[in-house]
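Since the structure comes first, as structure tokens, the remarks are kept for the end.
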Amino acid sequence: MALEDIRRLQTRLLREHLEFCGKQSPYYRSLPGDFDLSGFQIADLIKIPAADKTILSEKNDMFIAVPEAEIRDISFTSGTIGASCRIAYTESDLDRLAYNDATGFACSGIDRGDRVLLTCTLDRCFIAGLAYFMGARRLGATAIRNGINSLESHADIIMRLKPGAIVGVPSFLRYLGNFLRDNKIDSGCVKRLICIGEPLRDENMETSSLGEQLLQVWSARIFSTYASSEIVTSFTECSAQCGGHLPPDLAVLEILDESGNPLPPGDVGEVTVTPLQVTGMPLIRFRTGDISFMLDSPCRCGRFSPRIGPILGRKAQMLKIKGTTLFPGTFFTALNSSPEIAEYYLEASGDGFSDRIEIFVALKDPGTRLDQVAKRIQAKSRLSVPIREMPMEDVRKKVFSASRKPLRFFDLRAAPAKNIRSADACEFSS
Ligand SMILES: [Zn+2]
1 MALEDIRRLQ TRLLREHLEF CGKQSPYYRS LPGDFDLSGF QIADLIKIPA
51 ADKTILSEKN DMFIAVPEAE IRDISFTSGT IGASCRIAYT ESDLDRLAYN
101 DATGFACSGI DRGDRVLLTC TLDRCFIAGL AYFMGARRLG ATAIRNGINS
151 LESHADIIMR LKPGAIVGVP SFLRYLGNFL RDNKIDSGCV KRLICIGEPL
201 RDENMETSSL GEQLLQVWSA RIFSTYASSE IVTSFTECSA QCGGHLPPDL
251 AVLEILDESG NPLPPGDVGE VTVTPLQVTG MPLIRFRTGD ISFMLDSPCR
301 CGRFSPRIGP ILGRKAQMLK IKGTTLFPGT FFTALNSSPE IAEYYLEASG
351 DGFSDRIEIF VALKDPGTRL DQVAKRIQAK SRLSVPIREM PMEDVRKKVF
401 SASRKPLRFF DLRAAPAKNI RSADACEFSS
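So in this note's numbering, spot 121 of the sequence shown is number 121, and the numbers just go up one at a time.
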């Protein structure tokens with residue numbers, strides 16, 4: 001669609017969405033103010049207060065805009081930050097979701113008749129796996145729902161069914177790719193990896209170290225996709241692989257600064273989404289807590305829809321050090337690309353005015369000089385950060401103290417955010 005047509009379509013759907021919220025949503029009915037929707041433009045969105053995870057959790061029932069009997073699925077957000085939150089979907093929301101994921105798959109080049117191996121769960125009240133299943137089905141592709149299963153079972157499926165695409169978390173796909181290579185299992189049938197939860201690009205849109213590692217172990221192209229259970233919309237990379245495309249009929253995208261003002265394309269801020277055509281739990285200007293930027297230049301694939309850059313971190317984990325604003329992910333990136341390092345974690349401390357960060361590492365060869373690591377961190381963060389070598393046992397004890405999943409960021413600041421795993425810096429929140 002041409003830019004003008006996108007704008008016209010979005011304006012019409014946005015007016016319908018606002019009218020629906022004003023009539024049906026107890027939460028939006030309770031907000032003061034009355035809008036003349038006939039002349040409402042996208043730029044007028046700023047007049048409507050944004051919602052976030054906190055208000056959605058606190059006033060959860062008030063956001064449900066249909067009678068209980070019309071709800072077909074109840075999911076929960078993962079609650080990485082704050083409490084988990086109930087999300088209700090109607091029949092038409094599930095239909096919309098199927099269309100959304102079919103569109104995303106098609107954007108990355110998956111076609112009718114392709115086999116898609118899903119390595120994410122369909123149960124445990126998560127929406128992601130269900131959405132990918134419905135998307136594959138809607139597209140006319142074949143879903144293979146192996147979910148969270150053993151490496152051996154995925155390998156067996158790859159040998160027997162030869163899927164052309166796999167959907168999964170990049171760090172898991174790296175693990176699976178290494179397993180296949182070590183066991184001399186041919187994975188050449190897999191042409192596409194649809195990657196959720198961890199970014200494949202850095203802030204300059206260059207392939208991240210995790211992305212590079214995937215490219216080394218798979219002979220597939222890698223596509224990033226971003227979504228969450230609240231916004232029910234995914235932003236998936238196309239063949240040009242330079243940001244996830246917004247499906248223009250499903251959402252309006254804004255990037256907001258800390259005061260809630262929209263930022264121009266390229267500026268880093270909070271990803272804020274108004275999902276369109278949602279009936280169960282309609283939202284206006286939902287602040288996701290994820291930090292990224294918008295790209296609005298025409299894409300090489302020919303689409304004019306705006307794109308979203310990689311998720312650089314979560315707002316609650318934002319660090320302010322000596323006037324520089326950055327996220328734990330910046331350090332994770334530098335440390336992940338350091339071959340000297342076997343294991344690591346970060347500690348943030350501070351009084352609310354300026355944060356301090358300290359990095360604790362276990363080295364593959366204890367006693368190796370840390371100059372190169374320090375240089376990489378400085379190049380990525382423009383900061384000189386203390387790095388302390390620790391015995392492997394101590395670092396592992398800390399990183400794996402809470403669960404089998406590694407925790408690599410420990411927030412000891414005055415108002416601490418929850419401690420996070422490296423992958424959670426950008427976790428797919430459904
Ligand atoms: Zn494109």
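We put the CB at the ideal spot given by N, CA and C, even for glycine.
Provide the residue span of the alpha helix (DSSP H) that contains P26, from first to last. Per DSSP, P26 belongs to the alpha helix (DSSP H) from 26-30.
My understanding is that I195 touches T225, with C-beta atoms under 8 angstroms, so please give their C-beta distance in whole angstroms. The question names Ile, yet the displayed sequence has Cys at residue 195. Between T225 and C195 the Cβ distance is about 7 angstroms, and since that is below 8 angstroms, they are a contact.
Comparing the C-beta of L3 with each C-beta of chain D, is any distance below 9 angstroms? Judged by its chain identifiers, the structure shown contains no chain D, having just a single protein chain.
Any chance the region 125-142 sits against the region 96-110, with 3 or more Cβ pairs inside 8 angstroms? Three or more beta-carbon pairs separated by less than 8 angstroms link the region 125-142 to the region 96-110, which places the two stretches in contact.
Among D61, A136, F179, which residue has its Cα nearest to the Cα of E152? Per the Cα distances, F179.
Nearest candidate by alpha-carbon position, reference E393, set P386, R376, K364: The shortest C-alpha separation from E393 is found at K364.
So, with DSSP's three-state summary, where would you put M318? In the structure shown, M318 adopts coil according to DSSP, grouped into three states.
Nearest-angstrom Cα distance between R369 and R382? Going from the Cα of R369 to the Cα of R382 covers about 20 angstroms.
Spatial distance of V66 from S354 (CA atoms): So the two alpha carbons sit approximately 46 angstroms from each other.
What do you reckon, is the C-beta of G104 under 8 angstroms from a heavy atom of ligand 1? No, since every heavy atom of ligand 1 falls outside the 8 angstroms radius drawn around the Cβ of G104.
Using the Cα positions of P248 and P275, report the straight-line distance between them to the nearest angstrom. The straight-line gap from Cα to Cα measures roughly 10 angstroms.
Got a sec: does ligand 1 put a non-hydrogen atom nearer than 8 angstroms to the Cβ of G302? G302 Cβ: within cutoff of ligand 1.
Is S239 a contact residue of ligand 1, with contact defined as CB to any heavy atom under 8 angstroms? Because some heavy atom of ligand 1 lies under 8 angstroms away, the Cβ of S239 counts as near it: yes.
Would the beta-carbon of I284 fall within 9 angstroms of that of Y89? No; because the gap between Cβ atoms is not below 9 angstroms, this pair is not in contact.
State the DSSP-derived secondary structure class of V399, mapped to helix, strand or coil. Helix at V399.
Where A342 sits in the DSSP three-state scheme: In the structure shown, A342 adopts extended strand secondary structure according to DSSP, grouped into three states.
Within the present structure, is the beta-carbon of R192 separated from the nearest heavy atom of ligand 1 by less than 8 angstroms? No, ligand 1 has no heavy atom inside 8 angstroms of this Cβ.
Hey, would you say the C-beta of R96 is under 8 angstroms away from at least one heavy atom of ligand 1? R96 Cβ: outside cutoff for every heavy atom of ligand 1.
Let me make sure I understand the geometry here. Which of I87, R396, F331 has the alpha-carbon closest to that of I387? That would be F331, whose Cα lies nearest to the Cα of I387.
Heavy atom of ligand 1 less than 8 angstroms from the Cβ of R72, yes or no? No, the beta carbon of R72 sits no closer than 8 angstroms to any heavy atom of ligand 1.
Taking just the CA atoms, how far does L246 sit from P170? The alpha-carbon atoms of P170 and L246 are separated by roughly 21 angstroms.
Buried or exposed: T324, going by 16 or more other Cβ atoms within 10 Å of its Cβ? Within a 10 Å sphere around the beta-carbon of T324 sit fewer than 16 other beta-carbons, which makes this residue exposed.
P275, enclosing beta strand (DSSP E) - first and last residue: Unbroken beta strand (DSSP E) run through P275: 269-275.
Can you determine whether any heavy atom of ligand 1 sits closer than 8 angstroms to the C-beta of R307, and answer yes or no? True, at least one ligand heavy atom lies under 8 angstroms from that Cβ.
From which residue to which residue does the alpha helix (DSSP H) around F409 run? For F409, no alpha helix (DSSP H) run applies; the uninterrupted beta strand (DSSP E) run containing it begins and ends at 409-411, by DSSP.
With hydrogens ignored, establish whether the beta-carbon of C85 is closer than 8 angstroms to any heavy atom of ligand 1. Taken from the Cβ of C85, every heavy atom of ligand 1 lies 8 angstroms or farther away.
Same chain only: Cβ atoms within 8 angstroms of W218, ignoring 5 sequence neighbours per side: Answer for W218: L173, G177, S187, V190, L193, listed in chain order.
The beta strand (DSSP E) enclosing V116, as first and last residue numbers: 115-118 is the extent of the beta strand (DSSP E) around V116.
Do A154 and ligand 1 come close, with the Cβ less than 8 angstroms from some heavy atom? It is His, not Ala, that sits at residue 154 in the sequence shown. Of the heavy atoms belonging to ligand 1, none sits nearer than 8 angstroms to the Cβ of H154.
If I measure Cβ to Cβ from V271 and keep anything under 6 angstroms in the same chain, skipping five residues before and after, which residues do I get? Contacts found: T288, D290, S292.
I377 to L412 span [Cα, whole Å]: Rounded to whole angstroms, I377 to L412 spans 21 angstroms at the Cα level.
Coarse secondary structure for V169, derived from DSSP in three states: Reduced to three states, the DSSP call for V169 is coil.
Is it right to say E203 is buried, meaning 16 or more other beta carbons lie within 10 angstroms of its own, or is it exposed? The residue in question, E203, is buried, as its Cβ has 16 or more Cβ neighbours within 10 Å.
Going by C-alpha distance, which of R112, L94, S150 is nearest T121? Closest in C-alpha terms to T121, from the list R112, L94, S150, comes S150.
Please confirm if the region 112-120 is in contact with the region 235-246, defined as three or more CB-CB distances below 8 angstroms between the two stretches. No, they do not touch.
Tell me which residue opens and which closes the alpha helix (DSSP H) that S75 is part of. According to the DSSP assignment, S75 belongs to no alpha helix (DSSP H) but to the beta strand (DSSP E) extending over 71-76.
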